[in-house]
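Just below is one structure, and these are the notes that go with it.
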Amino acid sequence: MPTKARKTWAQQLQQNHSVTIVMSCAIVGLSRCAYYYQPKLQDDSVIISVLNAITDQHLRWGFPKCFS
409 MPTKARKTWA QQLQQNHSVT IVMSCAIVGL SRCAYYYQPK LQDDSVIISV LNAITDQHLR
469 WGFPKCFS
């Protein structure tokens, strides 16, 4: 089962049956680290704006040349 589904099941156990986080994670086979994990999304807006500026200045440059 995917981690997201197991996390949802653990949360439902807590809400519906007043089970602790430790117990609900053990029941659904999910580690507490995975329960609390929140993915870190990278903000690529700076890189995107720099690459857009480079391609605006140098219209004939190909993709590899923009990174050198």
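Numbered per our numbering, the sequence shown spans residues 409 to 476. Where a beta carbon is used, it is the ideal one built from N, C-alpha and C, also for glycine.
message: Tell me the DSSP secondary structure of residue 446 in three-state form.
response: Residue 446 falls in the coil class under three-state DSSP.
message: For residue 443, which residues in the same chain have their Cβ closer than 7 Å to its Cβ, ignoring the five residues on either side in sequence?
response: Same-chain partners within the cutoff: 415, 418, 429 and 433.
query: When the Cα atoms are used, what is the spatial distance from residue 454 to residue 473?
result: When rounded, the separation of the alpha-carbon atoms in residue 454 and residue 473 is 18 Å.
- prompt: How big is the Cα-Cα spacing for residue 464 and residue 471?
  reply: Taking the straight line from one Cα to the other gives about 13 Å.
task: Taking 8 Å as the cut-off, decide whether the C-beta atoms of residue 421 and residue 435 are in contact.
output: Yes, Cβ-Cβ distance for residue 421 and residue 435 is below 8 Å.
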